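Okay, so here's the structure we're looking at.
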Amino acid sequence: MDFYRSHWVLTFLVFAPLIGAVVALVLPAARARWVALWTGVIELLVATPLFWTFEPVGAAMQNEVALPWIPNWGIYYRLGLDGISLFMVLLTALLLPLMVLGSWTYIKDRERVFYAMLLALTTGVMGVFVALDMFLFYVFWEMMLIPMYFLIGVWGGKDRIYAAVKFFLYTAAGSLLMLVGILYLFSRYQALTGESSFAYGDFLSLPLTSGEQAWLFAAFAIAFAIKVPVFPLHTWLPAAHVQAPTAGSVILAGVLLKMGTYGFLRFALPLFPGAASADTTVLLFMVLGLIGIIYTAMVAAVQPNAKRLVAYTSVAHLGFAVLGIFALNVQGIQGALILMIAHGVSTPMLFFLLGMLYERTHSYEIEDFGGLAASIPIFALMLVFAALASIGLPGTGGFVSEFLVLIGTFRVQPWIAFIAASGVIFAAFYMLPMVQRTVFNSLTRPANRAIPDLCGREIALLVPLVAIILWLGIYPRPILERMEPSVGRLIERVETSRFVSTPGEAVVASSASSSDEGIRE
Amino acid sequence: MLSQILFYFFAGVAIVSALMTVTRRNPVASALWLVGTFFALAAIYTLLGAFFIGIIQILVYAGAIMVLFLFVIMLLNLGNDFEPDFRGTVWKVMAAGSALVLLALLVRVVGGTESLLVATGGVDLVAAQVAEYGVVGAIGVPMFLDYVVPLQVTGLLLLVAVVGAVVLAKRDV
Amino acid sequence: MILRVQQTAETVVAEAQAGAFEPILLGLIVLLPLIGFAINGVAAILAARTAERRRWSSSSHHGGSEGEADEYSNETHSVMDAEPTGVVPWTHRLPSLVAPGVMLLAFALAVANLFGMMGVELEEPIVRTYWSWIPVGELQVEAALQLDQLSLLMTLVVTGVGALIHLFSVGYMSHDPGYPRYMAYLNLFVFFMLVLVLGASFPVMFVGWEGVGLCSYLLIGFWFSEKANADAGKKAFIVNRIGDFGFLIAMLLIFVDLGALGYVEVFERAPQLDYAGPVVTAICLFLFLGAVGKSAQIPLYVWLPDAMAGPTPVSALIHAATMVTAGVYLVVRASTLFAMAPAASLLVALVGAVTALFAATIGLKQWDIKKVLAYSTISQLGFMFAAVGMGAYVAGVFHLMTHAFFKACLFLGSGAVIHALHEAMHATHSHADAQDMRNMGGLRRYLPITFATMAIATLAIAGVAPFAGFFSKDEIVGAAWIGSAGELPLSQASLFGVGGGTWMGMIAILLSIAAFLTAFYMGRLMLYTFFGPNRTGEAERQHLHEVGWTMSVPLIVLAVMSTIGGFFNVDSLVPIVNLFSPFAFGGDAALHNWLHPVIIGAEEVWASNTAAIPEVHHASWPILLAILVGVAGLVLAAVVLKPQLLGTPEETPAYEGNLEKVLYNKWYVDELYQRIVVRPVWGLSRAFYSVVDRGTIDGIIDGVLGRGAMLLGLSAGRVQTGQVNTYAFIIIVGVIVVLGSIVVM
Amino acid sequence: MLPLNAALFLSAILFAIGTAGVVVRRNAIILFMCIELMLNAANLAFVALSPYAGIDGQVIVFFVIAVAAAEAAVGLAIIIAVFRHAESVDIRNFSLLRW
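Chains as they are written, first to last, in this note's numbering: chain X, 1 to 521; chain V, 522 to 694; chain D, 695 to 1439; chain S, 1440 to 1538.
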């Protein structure tokens, strides 16, 4: 049982997909998808017990390890798991087999390379969530880029090259800034203590002046803001989603975007708490998040292409996550984390459905659909459910997360929360017309009349997602409990090292200040 | 005092013939002016006390390399009906300008060294070695002792050059 | 099953004497409809599966049949055409048993609890916590249900009227191919309504709040193959969402200012806020915005008339009896907060009164029988909001209850009429509009029971003496007159600088006119539908016959409730009303005493914050005025309107003269919204996409950076001329630069 | 002894003339001559400094001469090869190696 105490579970989770990728490449094409499926299933079976073996009590990292990798530069193979990264690992492990199932009949050429890329991508993503050595983190961060580039570039839609290159350049540019930040930290640490190390723990203990913190925070924040994506840097996402194959869109929306918010919570906030909690930063990111919510919701409404519409909605959703993170209180951050999971389940469901629809109608344009409920009722049922989960109907994960984020934001910036709450209306404004034009209305196209409904495989693929969405909405308590200590530690760190210069946080409704002190236990 | 006068004389010859090499349109003329430069340089070498190098300069440079040049010019019959191969006036101005700037910089850089070297008091280092091993020995001993590796490499280089030249110039039969 | 319920009732009553009251199977009441939904849902999926498999088998024979696929369109109402074998499949028979059965069980449990609670004087509400829903820091939201007098009353209304409507739906919808799906949605709706009503905290109520919004979206757009129906459903959901936005903001304010969201804690800590202060007023205004969205008051009422696109029982259940009353329930539940914010309460009353009148005027000139009833519902809701706005919370709840009875009866009656007409038109394949009154006329000869029940309900809604409407509506109008005389706590408050009393005077007048118009348009509806010559056409007339028992029984029960409903709250103090006090159920002003513990919080707030009111004396003239207004409306309709002159839609135009034109076109409010809200938002969205997203952001990234890099590359390339001199020159420049930097250092 | 600076100035001048020649002339042969000139300027500098910096200067001169010879040989071979193909030694015929 100590397998789950030690770091071996994490090492297995990170490198099993890579081994699967190699095997998939070697075996003949027909075998590739089965190898990928088995790897995914094993990955999921190994990962699920983590949910129970993870003690929610301690706030410190669990399953830690620190093996020398390149000792003379102080680069160690350092892994660790805590409340924030646990659910991201589980989400990735869940999505892998589903993605393989989703692209069972979708991918017809070069299956071997496709599944190898998919598995390599999972290794990269899993590595990002568990790495505690900044160098190792950066390696995995870059490693994730290449397979994703090929996924979009090779198996994508019409102008996939444009989308793939744009995706690559955006993320790479951001990560270069982050690299500069990491190296600067490394040099400061070396100058201060003499020996060299990239450990996350060491950088945490590094005293930085406010100027340094500001610049370093900016470097990290831009890299993560591109990934989230935050408002002005978001235009790569719709392009990438429209061109990506189903599995590409699912992993992109399900997990890759969360690397941005995870990055903020793991690196940007704790490493540079002073800069992160400065009023200007908080206000800037909250306003950007707010624009992200309202603006992209409105833009989403007018999209002719269903996938592009869903892509813009995920920008809107993650706008909420940004709000939650920079509310810097327990409700806000827990809301952001729940949103990362809820969005990581509801949006992939939408993309799977659109993928299935594409396999039947060979189009993502909304006007090619219409009245599909008459011909494929089960699909219609699933699409309506996924749309409602995405809108954040109470009883689904979406509501719990948006509610927590709004409460968190309201305590810090009432006006921003007020406008953000109108995002609830815009959510209905962009999702319902799409659902109606796709599933309801009269069945005009004769071609749509004869398309087959969802088969067993497809339903088996969607049922776990539906279950998790409902579980998140109805009984999120076990998840919230497991996150509480880590989030508490993060907030406590940000609060204690707030700059003396800024006179405390923004004016919170006066009468609430009494209740605030109580919260900050 | 005589040597200084001779030095300036030969320096003047060298500069004029260098300028003529560059400016003559006829390749043969410029080749011959180049030979003139080499002779002036050889004289300056001897004035500076490097008699062996002066001799070698004439023997190898003027004798061998320039002959090779002239031979090639004759082989390719470039001596006559050559059209002016100067580039546009823009390039002329740019070339002259960059040359002057380069000159100014070199002079500026080089100018300061004498005071530095004199300070190190190494004026008659060479004279001592020449006295001990003789003119040729003074160069021969360090070449075969300290610089034996570069020597071998240079030998190899020359071999490669010869083989290369033969292969390149040979008519593909 | 019924026996067991009786036993539990006796034990409970016995136990009640002992003072302790334990709610019976509270969780089960809520769970029953959910179980119903699950069963019907599975039936619906299997029905869809079999239909699709048959379509594949049949279509694979002769390449897809046209008729099959539009089985979902509402023209072919009957599953018979789609069902070649003639026998009704089990997936269609099962819901007929499960759906009403589940509702009856829930109603029985509610009644059991009623008996239990009647005996004991329950001061504190009973809260049952099932699990901790969102435990984050100081925010501890429990998934808990709360049982007190108000929530029990609402449960009774929801399950009672709901059960009747489910029974009615069995007759009305059983031939529809999507019948199991319909029953599943209906059960799901009742589940969410019960969660809304029995929730113990604002977030749990919000779950029900949006859940009923979802179900009304699904049910309005039930015949989704028609674009108009799907649009109506979408419109309902989005407008409801605007209301839910208000509710959400209110919850945020409550949590940030009071630190909790459960009712008990919130109403305990409410006095901490300063009386009539900005915070509590903001909370109440946003709560009211939520109520306006859900209960279709000005300005967010536009979705209700369009919601008539759904099946008629849906209109009866959702858009008359239960969902739309959620707003009133919210205000009564948060009465302590509203008492703390007099300005907000007065605004609620004012909006209610204006909506009552405004909707009544539109109702005058509608030809679609369901549209008339829809605007009547909006108007009656206006009455309820006026009541609760003025602080007469019990009057509001009383009218809510009676309205549930007679409006459900009216809607189901109109459903029966439409169903009969449909059957007739279906037989003769005529495509006339089965809902247009101009196609009806003289139906009392063909649909006697429906006519009788609707007549009773019309008298009730008009406020004619013994019927329910008389007691409840006139109590509201009475309260308005009393308030204008300054004898209500809120008459001392002021809104926009005008005193509460004067506002209530205006409200009284508005309500009286609205009452008169209500009587008039209800009279008009009855006249055109049931009196005068029959205009449905020769061939169809033979096929006109009374509807089956499953549809008539609910009508009769509701008609009976409309008659006796008024006697639940006979106030002996009021002069004319006290004539009926001997017949009152449960003693004098039974409902007032029953609900008193719920509104104690509000009364304490008034006691501590407003001047004591001397003795409230009830004059008799308001009641006389009310009776006069009701009767006058009906008589005027009978006199003025000539049903025999009315022709079919082709003959009589929809309106003559521009006043009627304005009324028929609903004061052009929809068009106004379209122009000032919907179109600008779409325009802005398109502008955002094309100008900002494509234009500037992508323009900068792709254009400036992308193309800029390309151009830079090209121009740099030109330097490579291939000639050695150029390269030599570049090298020299390099040398110069290096030497230069050395010299400069 | 001879003024050191003068010799160094002379080598600078010769070097500058050589560069000017390389940039201006189009004839390959003359180009090579200018390069030889520049090499000689360098040799002069070596020799001028050798009394101060030691005999190594003069040893290096020999290597420079050797390199120059090798370079001249290969260069001229290339010129012959190109000439055979393009009938002229103008370096514009050598301009294929570009983007």
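C-beta atoms are modelled at their ideal positions from N, C-alpha and C, and glycine is treated no differently.
The structure displayed is predicted, hence computed values, not measured ones.
Check: Do ASP842/D and VAL1292/D have their CB atoms nearer than 7 Å?; Outcome: yes
Check: Under 8 Å Cβ-Cβ, which residues of chain D neighbour ASN72/X?; Outcome: Correct list: empty, because the minimum Cβ distance to chain D is about 34 Å.
Check: Can you pull the DSSP bridge partners for SER375/X?; Outcome: DSSP output for SER375/X lists no bridge partner at all.
Check: Counting only Cβ-Cβ distances shorter than 7 Å, please list the residues of the segment 668 to 690 of chain V near chain S, keeping chain order.; Outcome: TYR668, PRO671, THR675, LEU678, LEU679, ALA682, VAL683, GLY685, ALA686, LEU689, ALA690
Check: Could you check where the beta strand (DSSP E) with VAL65/X kicks off and where it finishes?; Outcome: 62 to 70
Check: Counting only beta-carbon separations shorter than 7 Å, does ARG692/V have a partner in chain D?; Outcome: no
Check: Can you pull the chain D neighbours of ILE1530/S, defined as C-beta to C-beta under 8 Å?; Outcome: GLN1417, VAL1418, ASN1419
Check: Relative to the ligand NAP, is the shortest distance from any of its heavy atoms to the C-beta of LYS166/X smaller than 6 Å?; Outcome: Looking for the ligand NAP in the displayed structure turns up nothing, as the structure carries no ligands at all.
Check: Which of the three DSSP states, helix, strand or coil, is assigned to GLN1368/D?; Outcome: helix
Check: With a threshold of 7 Å between beta-carbons, can PRO394/X be considered close to chain D, or not?; Outcome: yes
Check: By how many angstroms is the C-alpha of LEU354/X removed from the C-alpha of ALA306/X?; Outcome: 8 Å
Check: Counting contacts by CB-CB distance shorter than 7 Å, is GLY1157/D in contact with chain X?; Outcome: no
Check: Is the CB of MET1477/S under 7 Å away from at least one CB in chain V?; Outcome: no
Check: Between which residues of its own chain and LEU1488/S is the CB-CB distance below 6 Å, once the five residues before and five after are set aside?; Outcome: GLY1496
Check: What does a CB cutoff of less than 7 Å around PHE1210/D pick up in its chain, not counting 5 residues either side in sequence?; Outcome: VAL1323, ALA1326, GLY1327
Check: Residues bridged to SER826/D by DSSP?; Outcome: GLU836/D
Check: Using a Cβ-Cβ cutoff of less than 6 Å, which residues in the same chain neighbour LEU25/X once the five nearest sequence positions on both sides are dropped?; Outcome: ARG112, ALA116
Check: State whether the segment 29 to 41 of chain X contacts the segment 157 to 165 of chain X, with contact taken as three or more CB pairs (one from each stretch) at a distance under 8 Å.; Outcome: no
Check: Identify every residue that forms a DSSP beta bridge with ASP133/X.; Outcome: ALA199/X
Check: Kindly indicate if chain D contains any beta-carbon less than 7 Å away from that of VAL631/V.; Outcome: no
Check: Where does ARG78/X fall in DSSP's three states?; Outcome: strand
Check: Residues in its own chain within less than 7 Å of SER647/D by CB, not counting five upstream and five downstream?; Outcome: Since the first residue of chain D shown is 695 and the last is 1439, residue 647/D is not available in this structure.
Check: Can you have a look at GLU904/D and say buried or exposed, based on whether 16 or more other CB atoms are within 10 angstroms of its CB?; Outcome: buried
Check: Would you verify that the beta carbon of PHE1382/D is, or is not, closer than 7 Å to some beta carbon of chain S?; Outcome: no
Check: Whole-angstrom Cβ separation of VAL228/X and GLY332/X, contact assumed at under 8 Å?; Outcome: In fact, because the Cβ distance is near 15 Å, the residues do not count as touching under 8 Å.
Check: 7 Å is my cut-off, CB to CB: does SER619/V come that close to chain D?; Outcome: yes
Check: What are the residues of the segment 591 to 615 of chain V that lie near chain D, defined by any Cβ-Cβ distance shorter than 9 Å?; Outcome: ARG608, TRP612, MET615
Check: Is the CB-CB distance between LEU18/X and THR92/X below 7 Å?; Outcome: no
Check: Sorted by chain position, which residues of the same chain lie with C-beta nearer than 6 Å to GLY761/D's C-beta, five sequence neighbours on each side aside?; Outcome: With a pLDDT of only 33 at GLY761/D, under the threshold of 50, the placement of this residue in the model should not be trusted; the figure read from the coordinates follows. Cβ within range, chain order: n/a, list empty.
Check: Would you kindly work out how many angstroms separate the C-alpha atoms of PHE527/X and ARG31/X, rounded to a whole number?; Outcome: The requested residue 527/X is not part of the displayed model; chain X covers only 1 to 521.
Check: If we count the other Cβ atoms within 10 Å of its Cβ and call it buried at 16 or more, is ALA1410/D buried or exposed?; Outcome: exposed
Check: Compute the Euclidean distance between the alpha carbons of PHE429/X and ARG1373/D, then round it to the nearest angstrom.; Outcome: 13 Å
Check: So, is the C-beta of ILE1426/D closer than 7 Å to a C-beta in chain S?; Outcome: yes
Check: Do you know how far the Cα of LEU257/X is from the Cα of ILE222/X?; Outcome: 14 Å
Check: Along the segment 547 to 575 of chain V, what residues have a CB closer than 8 Å to any CB found in chain S?; Outcome: PRO548, SER551, ALA552, LEU555, THR558, PHE559, LEU562, ILE565, TYR566, LEU568, LEU569, GLY570, ALA571, PHE573, ILE574
Check: Which residue marks the beginning of the alpha helix (DSSP H) containing TRP1197/D, and which one marks its end?; Outcome: 1194 to 1224
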